[in-house]
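K.L.:
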Amino acid sequence: MTIEKGVFMCLMFILLSNPLASGADVLKVASFSTLLTEIAQKVGGNHVNVAGLVKPGQDPHEYQPTPDDLKQAADAKLILLSGKHIEHYLDKIQQATGGKGESLSVGDALPNLKMKADPDEPQEKAAADANGMIDDPHWWNSVANVEKATTVVRDALIKLDPANRADYESRAKAYLTKLEALDQWAKRKVAELPRDKRKLVTSHDAFQYLAKDYGFKVYAIEGVSTETEPSDRHIAELIDQIKKQQVKAIFLESTLNPKVTVEITRETGAKIGGTLYADGLGEGDGSTYDGMIRHNIETIVDALK
Amino acid sequence: MRGSPLARAVMTVIALLALIFPLQRLTSHPKATVAQPRAQVSTAKKKLHLELTSTTVPFKFQITHGGEPIWSGESNSANVSTDTELRFPPEGIDLVLDVSWTQDKETAVRLALTPENADTMLKTVWGTMSASEVLTFSQEK
Numbered sequence: 002m003t004i005e006k007g008v009f010m011c012l013m014f015i016l017l018s019n020p021l022a023s024g025a026d027v028l029k030v031a032s033f034s035t036l037l038t039e040i041a042q043k044v045g046g047n048h049v050n051v052a053g054l055v056k057p058g059q060d061p062h063e064y065q066p067t068p069d070d071l072k073q074a075a076d077a078k079l080i081l082l083s084g085k086h087i088e089h090y091l092d093k094i095q096q097a098t099g100g101k102g103e104s105l106s107v108g109d110a111l112p113n114l115k116m117k118a119d120p121d122e123p124q125e126k127a128a129a130d131a132n133g134m135i136d137d138p139h140w141w142n143s144v145a146n147v148e149k150a151t152t153v154v155r156d157a158l159i160k161l162d163p164a165n166r167a168d169y170e171s172r173a174k175a176y177l178t179k180l181e182a183l184d185q186w187a188k189r190k191v192a193e194l195p196r197d198k199r200k201l202v203t204s205h206d207a208f209q210y211l212a213k214d215y216g217f218k219v220y221a222i223e224g225v226s227t228e229t230e231p232s233d234r235h236i237a238e239l240i241d242q243i244k245k246q247q248v249k250a251i252f253l254e255s256t257l258n259p260k261v262t263v264e265i266t267r268e269t270g271a272k273i274g275g276t277l278y279a280d281g282l283g284e285g286d287g288s289t290y291d292g293m294i295r296h297n298i299e300t301i302v303d304a305l306k
Numbered sequence: 087m088r089g090s091p092l093a094r095a096v097m098t099v100i101a102l103l104a105l106i107f108p109l110q111r112l113t114s115h116p117k118a119t120v121a122q123p124r125a126q127v128s129t130a131k132k133k134l135h136l137e138l139t140s141t142t143v144p145f146k147f148q149i150t151h152g153g154e155p156i157w158s159g160e161s162n163s164a165n166v167s168t169d170t171e172l173r174f175p176p177e178g179i180d181l182v183l184d185v186s187w188t189q190d191k192e193t194a195v196r197l198a199l200t201p202e203n204a205d206t207m208l209k210t211v212w213g214t215m216s217a218s219e220v221l222t223f224s225q226e227k
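Those sequence lines, one after another, are chains A and B.
Counting from 2, one number per residue, gives the positions in the first sequence under the numbering used here.
Counting from 87, one number per residue, gives the positions in the second sequence under the numbering used here.
Structure below.
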């Protein structure tokens, strides 16, 4: 076989084995969550074309879809939503898509933690129940939740594209194995920190799920959403708690202004423990879910030891 | 204000002197008013009895606390035990148990922890060839 024939055969093999290049139907997915974008890409592989509309590092509490984002959502067969009321622009998506694609609020299929809604924040107030409680939308900060979300996305892909079931199942299994290893690593790392030192003071209340999984108590500077400023009274109470609980470090978040947090460290003598990824994937370490969790856990444990 | 210029000057100086102390309190650096952190509340160390029971022998084991190994070894008998001292806060403690067996069969290993003058707490882990688990022991009900 000549070199030319060899190259030709290789090219033909690549073309025929790649559904994108061979023109086979590729499932269009639009994702309004950085985490769900990763899950859909990992599970879907070459069978899906995922448009990640909320970008890494973007604050999902403040995100507003652009006309181009809405067009991409309208073209998608599957629209992945984070759920738990974080998408306050849901009506815009429904208008743009006209219910063409299948919308899946993945977070709504996951275990729920409740927290007090901020009465000064209209979206939270509207979503609150009779007792003024709201669903905590930050489910991705629990590895166990992301494992469950992976199975939800896998099942949705299989439903829309049953011909590739085996592929979706095996890719999901491989991703789940990595998530299980990540959870085991996180448990061992957190075990280095005595349980009475697991006091987590962060910029906004985004770590309840992580706290529940790994035995932390959370003291948040802001509420669930990043859109409202904390009150003077709340700050004074928090400073009191930090002193009383002898918290060594407090943490910044990659999508928030650190001004208030830095002021609290001045008042309490606690140090800045580092910057955490709270609202999904970001730049640097947090560009993958594995990297995000490892970064957060290492930063927290090493600062509070 | 009426009175001689000298009397007025004396009154002004007295008034200024009287203001020095409150002004100094008000304008001093906030750090000076921040309460010093209280001494670290150290939960006293407690005497603990640890006992491992494996359904398959021989087995190798290591128990880690706070990132440091506190007990490790190899045993040909089903039961091994030791005494140690650890801080045991009301929130409990995490012990990391790593265990391995030479036999390729599903095996249970139980870690019993008994704090001095307290009830025994039990945790069981299953594994084949090896097992690794973070075990939380808490006296809080």
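Quick reminder that beta carbons are idealized off the backbone N, C-alpha and C, glycines included.
Check whether the Cβ of Gly152(B) lies closer than 8 Å to any Cβ atom in chain A.
P.N.:
Chain A, which has a Cβ nearer than 8 Å to the Cβ of Gly152(B), makes this yes.
K.L.:
For the beta strand (DSSP E) containing Asn165(B), name the first residue and the last one.
P.N.:
Per DSSP, Asn165(B) belongs to the beta strand (DSSP E) from 165 to 173.
K.L.:
Go ahead and label Thr67(A) buried or exposed: buried means 16 or more other beta carbons lie within 10 angstroms of its beta carbon, across all protein chains shown.
P.N.:
Under this definition Thr67(A) is an exposed residue.
K.L.:
Tell me the rounded alpha-carbon separation between Asp119(A) and Ser232(A).
P.N.:
Straight-line Cα distance between these residues: approximately 11 Å.
K.L.:
Which residues in chain B have a C-beta closer than 7 Å to the C-beta of Ala192(A)? List them in chain order.
P.N.:
Under the 7 Å cutoff, chain B gives Asp180, Val182, Val220.
K.L.:
Along chain A, in chain order, which residues have C-beta atoms closer than 7 Å to that of Arg173(B)?
P.N.:
Within chain A, the residues near Arg173(B) are Pro195.
K.L.:
Output needed in chain order: residues of the region 159 to 190 of chain A with a Cβ under 8 Å from some Cβ in chain B.
P.N.:
Of all residues in the region 159 to 190 of chain A, Gln185, Lys188, Arg189 have a Cβ within less than 8 Å of some Cβ in chain B.
K.L.:
Check the Cβ-Cβ distances between Glu177(B) and every residue of chain A, and say whether any is below 8 Å.
P.N.:
Closer than 8 Å: yes.
K.L.:
Report the option in Tyr90(A), Gly58(A), Lys213(A) whose CA atom is closest to the CA atom of Asp137(A).
P.N.:
Selected option, being the one with the closest Cα: Lys213(A).
K.L.:
Between the region 260 to 273 of chain A and the region 163 to 177 of chain A, do at least 3 Cβ pairs fall closer than 8 Å?
P.N.:
They do not touch, by the three-pair rule.
K.L.:
Within 7 Å: the Cβ of Asp286(A) and any heavy atom of the ligand NAP?
P.N.:
The model depicted lacks the ligand NAP and carries no ligand whatsoever.
K.L.:
Between the C-alpha atoms of Gly286(A) and Pro144(B), what's the straight-line distance to the nearest angstrom?
P.N.:
In the sequence as displayed, the identity of residue 286(A) is Asp instead of Gly. Taking the straight line joining both Cα atoms gives about 42 Å.
K.L.:
What ranges does the alpha helix (DSSP H) occupy inside the region 178 to 229 of chain A, keeping only unbroken runs of at least 4 residues that lie completely in it?
P.N.:
Entirely contained in the region 178 to 229 of chain A, the alpha helix (DSSP H) runs reaching 4 residues are, in chain order, 209 to 215.
K.L.:
Could you tell me the alpha carbon to alpha carbon distance between Leu136(B) and Leu172(B), rounded to whole angstroms?
P.N.:
C-alpha separation (whole angstroms): 11 Å.
K.L.:
Can you list, in chain order, the residues of its chain with a C-beta nearer than 6 Å to that of Thr276(A)? Leave out the 5 residues immediately preceding and following it.
P.N.:
Around Thr276(A): Leu253, Ser255.
K.L.:
Does the beta-carbon of Ala127(A) have 16 or more other beta-carbons within 10 angstroms, so that it is buried, or is it exposed?
P.N.:
Label assigned to Ala127(A): exposed.
K.L.:
With contact counted as at least three CB pairs below 8 Å, one residue from each stretch, are the region 172 to 187 of chain B and the region 189 to 199 of chain A in contact?
P.N.:
Segments in contact, yes.
K.L.:
By how many angstroms is the C-alpha of Ala250(A) removed from the C-alpha of Met97(B)?
P.N.:
Distance between the alpha carbons of Met97(B) and Ala250(A): 52 Å.
K.L.:
Tell me, please, whether the region 100 to 114 of chain A touches the region 70 to 89 of chain A by the rule of three or more beta-carbon pairs shorter than 8 Å.
P.N.:
Cβ pair count under 8 Å is three or more, so yes.
K.L.:
Span of the alpha helix (DSSP H) holding Lys209(B)?
P.N.:
Premise fails: Lys209(B) lies in the beta strand (DSSP E), 207 to 214, not in any alpha helix (DSSP H).
K.L.:
Quick check on this structure: which residue in Ala207(A), Glu268(A), Ile236(A) has the alpha carbon closest to the alpha carbon of His62(A)?
P.N.:
The residue with the shortest Cα to Cα distance from His62(A) is Ala207(A).
K.L.:
Look at the alpha carbon of Gly213(B) and the alpha carbon of Ala198(B), and state the distance between them as a whole number of angstroms.
P.N.:
Taking the straight line from one Cα to the other gives about 17 Å.
K.L.:
How is Gly153(B) classed by DSSP in three states: helix, strand or coil?
P.N.:
Residue state, collapsed to three classes: coil.
K.L.:
So Ile298(A) and Val219(A) are in contact, right, with Cβ under 8 Å, and what is the actual spacing, rounded?
P.N.:
Not really, about 15 Å apart at Cβ, beyond 8 Å.
K.L.:
Secondary structure at Lys117(A), three-state DSSP: helix, strand or coil?
P.N.:
The answer is strand: DSSP assigns Lys117(A) an E or B state.
K.L.:
Taking the Cβ atom as the reference point for each residue, do Ile94(A) and Leu71(A) lie within a distance shorter than 8 Å?
P.N.:
Contact: yes.
K.L.:
Over what stretch of residues does the alpha helix (DSSP H) that includes Thr67(A) continue unbroken?
P.N.:
Neither: Thr67(A) is in no alpha helix (DSSP H) and is coded neither H nor E.
K.L.:
By the DSSP assignment, the alpha helix (DSSP H) with Glu103(A) in it spans what residues?
P.N.:
No alpha helix (DSSP H) holds Glu103(A); the beta strand (DSSP E) holding it covers 103 to 106.
K.L.:
Ignore the nearest five residues each way along the sequence and tell me which others in Thr38(A)'s own chain have a CB closer than 6 Å to its CB.
P.N.:
Closer than 6 Å at Cβ, skipping near neighbours: Ser32, Val51, Gly53.
K.L.:
Which word fits Glu160(B), buried or exposed, when buried means at least 16 other C-beta atoms lie within 10 angstroms of its C-beta?
P.N.:
Exposed, since its Cβ has fewer than 16 Cβ neighbours within 10 Å.
K.L.:
Run through the DSSP bridge pairs and tell me what Lys146(B) is partnered with.
P.N.:
The partner list for Lys146(B) (beta bridge, DSSP) reads Glu160(B), Ser186(B).
K.L.:
Classify Leu92(B): buried if its beta carbon has 16 or more other beta carbons within 10 angstroms, exposed otherwise.
P.N.:
Flag for Leu92(B) reads exposed.
K.L.:
Which first and last residues belong to the beta strand (DSSP E) in which Gly46(A) is found?
P.N.:
Note, Gly46(A): premise wrong, no beta strand (DSSP E); not H, not E.
K.L.:
Please classify Asp130(A) as buried or exposed, where buried requires at least 16 neighbouring CB atoms within 10 angstroms.
P.N.:
By the neighbour-count rule (16 or more Cβ atoms within 10 Å), Asp130(A) is not buried but exposed.
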